[in-house]
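So the structure is just underneath, and the comments pick up after that.
Numbering (the numbering used here), first residue to last: 1269 to 1369.
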């Protein structure tokens, strides 16, 4: 596989992992992208390779935004769970065995 094919493959893999909410796979593909970019660093790039990298960068930005939204949603759910737990603990503190039956 040449560099351009690898770039396109990684873009598809990143898109697929994000669309399936497979965050560990997103992380794995992200590491592969970082390794590929390191390998390309300092090398001359053809116009075709630059275009492929630009498309990959756009995909990466979109997936990053998706990850941010998922992270914010998870934080919201965790905060709600903490509040619900605190409320349940407060109610339990005022209940006696009779109330639990």
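Glycine is no exception: its CB is placed at the ideal position from the N, C-alpha and C atoms.
Min CB distance residue i to chain D below 9 Å
i: residue 1337; result: Judged by its chain identifiers, the structure shown contains no chain D, having just a single protein chain.
Same chain, Cβ closer than 6 Å to residue i, neighbours up to 5 away in sequence not counted
i: residue 1268; result: Residue 1268 lies beyond the residue range present for the chain, which begins at 1269 and ends at 1369; the question has no answer from this structure.
i: residue 1325; result: none
Separation of residue j from residue i, as counted between CA atoms
i: residue 1269; j: residue 1284; result: 20 Å
i: residue 1351; j: residue 1360; result: 14 Å
i: residue 1346; j: residue 1292; result: 20 Å
i: residue 1362; j: residue 1348; result: 22 Å
i: residue 1342; j: residue 1290; result: 15 Å
i: residue 1354; j: residue 1340; result: 21 Å
i: residue 1317; j: residue 1344; result: 40 Å
i: residue 1357; j: residue 1309; result: 55 Å
i: residue 1329; j: residue 1286; result: 12 Å
i: residue 1306; j: residue 1333; result: 23 Å
Reference residue i; option with closest CA among the options
i: residue 1294; options: 1360, 1344, 1353 and 1335; result: 1335
i: residue 1315; options: 1342, 1271 and 1279; result: 1271
i: residue 1288; options: 1338, 1324 and 1345; result: 1338
i: residue 1275; options: 1322, 1310 and 1290; result: 1322
i: residue 1300; options: 1349, 1311, 1279 and 1348; result: 1279
First through last residue of the alpha helix (DSSP H) which encompasses residue i
i: residue 1299; result: 1291-1308
i: residue 1271; result: 1271-1287
Contacting residues, own chain, Cβ-Cβ under 7 Å from residue i (five flanking each side not counted)
i: residue 1320; result: 1272, 1275 and 1276
i: residue 1312; result: none
Exposure of residue i, with buried meaning 16 or more beta-carbon neighbours within 10 Å
i: residue 1303; result: exposed
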